[in-house]
Amino acid sequence: MTFADLIARIKKQPIGFTCVMICLLSGGWLYYRSGEIDARQEEYRAKSEQAAKFISNVAISKNLPEQVAELQTITKEMDGRLVRAGQLAVNLQYFYKLEAENEVKLLDVRQNPVPKNAKTLFVGIPYNVNIQGPYKNVMAFLQRLEKGRHFCRVNTASFTKFAGTAGMGDGSSITLALSLELLGQP
Amino acid sequence: MLSLTKKSDVPVAAPLWHTNFRNFERLPDTKVVRTTFFVNTAAGAAAIALLLWLGYREYTIFNLGEQIAEAQAQIDANAKQNAEALRLTKIFTDEDKKLVEAEVFQKVPIPVSEYIELIGQTLPKEISIDFADARMPSDPKQPMIYVLRGLVAGTRDQAAGTASSYVDSLRAHPRLGAVLDPITLDKLTPDGGTGFMSFEITLKVKTEGKK
Numbered sequence: 008m009t010f011a012d013l014i015a016r017i018k019k020q021p022i023g024f025t026c027v028m029i030c031l032l033s034g035g036w037l038y039y040r041s042g043e044i045d046a047r048q049e050e051y052r053a054k055s056e057q058a059a060k061f062i063s064n065v066a067i068s069k070n071l072p073e074q075v076a077e078l079q080t081i082t083k084e085m086d087g088r089l090v091r092a093g094q095l096a097v098n099l100q101y102f103y104k105l106e107a108e109n110e111v112k113l114l115d116v117r118q119n120p121v122p123k124n125a126k127t128l129f130v131g132i133p134y135n136v137n138i139q140g141p142y143k144n145v146m147a148f149l150q151r152l153e154k155g156r157h158f159c160r161v162n163t164a165s166f167t168k169f170a171g172t173a174g175m176g177d178g179s180s181i182t183l184a185l186s187l188e189l190l191g192q193p
Numbered sequence: 394m395l396s397l398t399k400k401s402d403v404p405v406a407a408p409l410w411h412t413n414f415r416n417f418e419r420l421p422d423t424k425v426v427r428t429t430f431f432v433n434t435a436a437g438a439a440a441i442a443l444l445l446w447l448g449y450r451e452y453t454i455f456n457l458g459e460q461i462a463e464a465q466a467q468i469d470a471n472a473k474q475n476a477e478a479l480r481l482t483k484i485f486t487d488e489d490k491k492l493v494e495a496e497v498f499q500k501v502p503i504p505v506s507e508y509i510e511l512i513g514q515t516l517p518k519e520i521s522i523d524f525a526d527a528r529m530p531s532d533p534k535q536p537m538i539y540v541l542r543g544l545v546a547g548t549r550d551q552a553a554g555t556a557s558s559y560v561d562s563l564r565a566h567p568r569l570g571a572v573l574d575p576i577t578l579d580k581l582t583p584d585g586g587t588g589f590m591s592f593e594i595t596l597k598v599k600t601e602g603k604k
């Protein structure tokens, strides 16, 4: 079939030819844009998820500034209650102060080397403390230590009746050997 | 009825007895429904169907584009607040971590002072405590153990009964019994120096699974 024949045929069937041309062009366009809907749907899903997340974050964090400020105040106060391992004199002064306040005899107090710990923000600074005194005073010392200014964890505590006195009771004298940790920074 | 279709005019087998002067190309299509009509209808229907399909898809794409733009507008509108919220959340998490660490550091099933006070409150007059020991290792895998040593007054028979009752009372105590289990009398032997019975009671802190 020559070009002239083709032209003749087109002239003979102009409507049919136009329709075929429309079909071809439409098919081509459909093929060209075949992945567009999926891509847009995926894009829309991602964007709508992100938008929902943003809206949710904003809604949830409505009172966050106040809460953060409150928390920062608490942690700032907490920082003041931490022990600094390097400040040996200040740290020991804490025990001497407790000794004086509770009228017990501090037989021994030692700050031990700080164990290396990279996992936590703070470390427990170990101490060995030995005191002697009346039962009530020793108990008061221990309570002040446990609920005192610094965060304290008692690892071992040995109460022994002081020689020459009756058993542990209000009027008796006892010795207390403590192995404890104060929460602090190295 | 005579038919003037092109096919019927084509000589089939018999030789022509005279010259055929008809121009088949120029003869009109005399079918009831012309072939062109079918061709045009089929091509037109296909073109319309494809155009409708194309239009539907383009409309869908346009709609999705609108929705994407709307979602993007929401993202843009909240981006600044979201960034601030994330910044504050990070600060909150960091600060909270400090509090949690301090709380975990101090957490014990029963503080030593409370334990000793409760022992003092529950102590019968026949019993005297000479030594009390509390071991609370920071490693949660190691058991926490409290030990009491002392003397029980009375005859051996009475002392054994008193010591046994004391252990029972410790087990039945609402606070001590809830935290310490088992509570066992490990030793009850005559004390040469005093003539009383010396005893040793071990109190172990309940493990997490037991509670």
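As given, the protein sequences belong to chains R and P, one line each in that order. All letters in the first sequence, in the order written, are residues 8 to 193 by my numbering. All letters in the second sequence, in the order written, are residues 394 to 604 by my numbering. A virtual CB, placed ideally from N, CA and C, is assigned to each residue, including glycine. On a predicted model such as this, the values are computed, not experimentally measured, just so you know.
Same chain only: Cβ atoms within 8 Å of residue i, ignoring 5 sequence neighbours per side
i, result
"glutamate 106 (chain R)", "Lys112, Leu113, Ile138 and Phe148"
"glycine 585 (chain P)", "none"
Whether residue i touches residue j by CB criterion (8 Å)
i, j, result
"phenylalanine 158 (chain R)", "leucine 189 (chain R)", "yes"
"glycine 87 (chain R)", "valine 130 (chain R)", "no"
"tyrosine 508 (chain P)", "tyrosine 559 (chain P)", "no"
"alanine 464 (chain P)", "lysine 54 (chain R)", "yes"
"isoleucine 81 (chain R)", "leucine 457 (chain P)", "no"
"methionine 590 (chain P)", "threonine 582 (chain P)", "yes"
"serine 506 (chain P)", "methionine 146 (chain R)", "yes"
"arginine 47 (chain R)", "isoleucine 461 (chain P)", "yes"
"glutamate 496 (chain P)", "threonine 127 (chain R)", "no"
"leucine 187 (chain R)", "valine 136 (chain R)", "yes"
"glycine 448 (chain P)", "isoleucine 22 (chain R)", "no"
Cβ distance (whole Å) where residue i is taken to contact residue j below 8 Å
i, j, result
"aspartate 489 (chain P)", "leucine 37 (chain R)", "Incorrect: roughly 56 Å between the Cβ atoms, too far for contact."
"asparagine 64 (chain R)", "alanine 478 (chain P)", "5 Å"
"leucine 544 (chain P)", "aspartate 523 (chain P)", "7 Å"
"valine 432 (chain P)", "glutamine 20 (chain R)", "6 Å"
"asparagine 485 (chain P)", "valine 75 (chain R)", "According to the sequence provided, residue 485 (chain P) is phenylalanine. The question's asparagine does not apply to it. Indeed, because the Cβ distance is near 5 Å, the residues count as touching under 8 Å."
"glutamate 110 (chain R)", "asparagine 144 (chain R)", "5 Å"
"isoleucine 512 (chain P)", "leucine 541 (chain P)", "7 Å"
"arginine 450 (chain P)", "arginine 40 (chain R)", "7 Å"
Per-residue DSSP class, three states only, for residue i
i, result
"threonine 25 (chain R)", "helix"
"methionine 394 (chain P)", "Residue placement at methionine 394 (chain P) is flagged as unreliable, the pLDDT there being 45, under the threshold of 50; the coordinate-derived value follows with that caveat. Methionine 394 (chain P): coil per DSSP, three-state reduction."
"glycine 458 (chain P)", "helix"
"glutamine 3 (chain R)", "No statement about residue 3 (chain R) is possible, as the shown extent of chain R runs from 8 to 193 and does not include it."
"aspartate 86 (chain R)", "helix"
"serine 68 (chain R)", "helix"
"isoleucine 503 (chain P)", "coil"
"methionine 8 (chain R)", "coil"
"isoleucine 181 (chain R)", "strand"
"alanine 440 (chain P)", "helix"
"serine 557 (chain P)", "helix"
"glycine 515 (chain P)", "In the sequence on display, residue 515 (chain P) carries threonine and not glycine. Three-state DSSP puts threonine 515 (chain P) in a helix."
"serine 33 (chain R)", "helix"
"arginine 47 (chain R)", "helix"
"alanine 107 (chain R)", "helix"
"valine 75 (chain R)", "helix"
"valine 497 (chain P)", "helix"
"leucine 420 (chain P)", "coil"
"glutamine 139 (chain R)", "strand"
Proximity winner among the options, relative to residue i (alpha-carbon distances)
i, options, result
"isoleucine 29 (chain R)", "P:Arg480, P:Ala462, P:Ala435 and P:Ile512", "P:Ala435"
"valine 161 (chain R)", "P:Arg564, P:Val540, P:Arg528 and P:Thr555", "P:Arg528"
"valine 116 (chain R)", "R:Tyr134, R:Asn109, R:Lys104 and R:Glu108", "R:Tyr134"
"histidine 566 (chain P)", "P:Ala525, P:Leu516, P:Gln551 and P:Pro536", "P:Leu516"
"alanine 58 (chain R)", "P:Gln467, P:Thr453, P:Ala442 and P:Arg568", "P:Gln467"
"leucine 99 (chain R)", "R:Lys123, R:Ile132 and R:Val145", "R:Ile132"
"leucine 563 (chain P)", "P:Glu510, P:Phe589, P:Pro583 and P:Val425", "P:Glu510"
"leucine 443 (chain P)", "R:Ala15, R:Gly34, R:Lys69 and R:Gln48", "R:Gly34"
"glycine 140 (chain R)", "R:Ala184, R:Val121 and R:Asp12", "R:Ala184"
"arginine 52 (chain R)", "P:Trp410, P:Arg419, P:Ala476 and P:Glu459", "P:Glu459"
"alanine 476 (chain P)", "R:Val97, R:Gly42 and R:Ala66", "R:Ala66"
"glutamate 153 (chain R)", "R:Asp12, R:Gln118, R:Tyr101 and R:Ser179", "R:Tyr101"
"lysine 60 (chain R)", "P:Thr587, P:Gln474, P:Leu420 and P:Ala552", "P:Gln474"
"arginine 151 (chain R)", "R:Thr163, R:Ser165, R:Ser179 and R:Tyr103", "R:Tyr103"
Beta-carbon contacts of residue i that lie in its chain and below 6 Å, excluding the five residues immediately before and after
i, result
"aspartate 579 (chain P)", "Glu593 and Thr595"
"isoleucine 503 (chain P)", "Val572"
"cysteine 26 (chain R)", "none"
"glycine 155 (chain R)", "none"
"proline 193 (chain R)", "Ala92, Val121 and Val130"
"threonine 182 (chain R)", "Gln139, Thr167 and Phe169"
"aspartate 526 (chain P)", "Val540"
"asparagine 119 (chain R)", "Pro133"
Cβ-based neighbour list, residue i, same chain, cut-off 7 Å, excluding 5 preceding and 5 following
i, result
"glycine 547 (chain P)", "Glu519 and Thr555"
"leucine 395 (chain P)", "Confidence at leucine 395 (chain P) is low in this model, with a pLDDT of 48, below 50, so its placement is unreliable and no value can be given for it."
"leucine 445 (chain P)", "none"
"arginine 568 (chain P)", "Leu511"
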